[in-house]
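In the numbering used here, the protein residues as written are -8 to 194.
One structure below.
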């Protein structure tokens, strides 16, 4: 959520409102962590642009700039990031769209940090069929250490509501994931990665 909420919390003296959440509080926690660990990597593991009322009424646009301000290094989409439909998903993460869009006059904002998804490929348009929607991996220098990242988004999107997955194919099966991650980890190590991190929103 953009702003804190105030659920009731129990104290020894009775019930009082305890404020929790909010991006400002999160930004403070991140800044403090970076002061203590300057080589920390901030990863975003999905479900970013859907959930709060501000996001819902703007198709996720209201949350883009505040999230970008956190200084995220790398992310993966989560299942709820597909919830506005495949046209919005494509526009948000790739800046391109080959599918009908209900409001062609609306701009869809996208994140400024790289996002990965090794397990989602296009089925439409045919010219893109079989290509990954997003880069599957990223190689990054972190304080002199070469770190490889493999991104795995949630594969339950077709089960949530089939039209949300229109034009996409989501990898299924534990064995298939093991093979995919082994393949990308080996390639990253071949490129010089000393550490390989799997960023997964599979659940």
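Note that beta-carbon positions come from the ideal geometry of N, C-alpha and C, so glycine has one too.
Beta-carbon proximity check, residue i vs residue j, cutoff 8 Å
{"i": "residue 198", "j": "residue 106", "result": "In this structure the chain extends from -8 to 194, so residue 198 is not present and cannot be described."}
{"i": "residue 133", "j": "residue 32", "result": "yes"}
{"i": "residue 139", "j": "residue 78", "result": "no"}
{"i": "residue 34", "j": "residue 66", "result": "yes"}
{"i": "residue 192", "j": "residue 37", "result": "yes"}
{"i": "residue 190", "j": "residue 143", "result": "yes"}
{"i": "residue 180", "j": "residue 188", "result": "no"}
Cross-strand partners of residue i (DSSP beta bridge)
{"i": "residue 137", "result": "132"}
{"i": "residue 190", "result": "142"}
{"i": "residue 34", "result": "65"}
{"i": "residue 160", "result": "112"}
{"i": "residue -4", "result": "11"}
{"i": "residue 123", "result": "112"}
{"i": "residue 70", "result": "Beta-bridge pairing links residue 70 to no other residue."}
{"i": "residue 106", "result": "66"}
Proximity to residue i [Cα-Cα], best of the options
{"i": "residue 52", "options": "82, 32, 61", "result": "82"}
{"i": "residue 72", "options": "128, 61, 43", "result": "43"}
{"i": "residue 158", "options": "128, 189, 116, 152", "result": "116"}
{"i": "residue 59", "options": "91, 22, 101, 47", "result": "101"}
{"i": "residue 39", "options": "10, 19, 80", "result": "80"}
{"i": "residue 114", "options": "145, 162, 139, 99", "result": "162"}
{"i": "residue 152", "options": "36, 70, 104, 118", "result": "70"}
{"i": "residue 62", "options": "17, 146, 137", "result": "17"}
{"i": "residue 15", "options": "188, -7, 27", "result": "-7"}
{"i": "residue 92", "options": "155, 103, 145", "result": "155"}
Start and end residues, alpha helix (DSSP H) containing residue i
{"i": "residue 57", "result": "52 to 59"}
{"i": "residue 173", "result": "165 to 181"}
{"i": "residue 81", "result": "77 to 85"}
{"i": "residue 150", "result": "148 to 151"}
### Message
Measuring CB atoms only, is the region 103 to 118 touching the region 161 to 168, in the sense that at least three cross pairs come out at less than 8 Å?
### Response
yes
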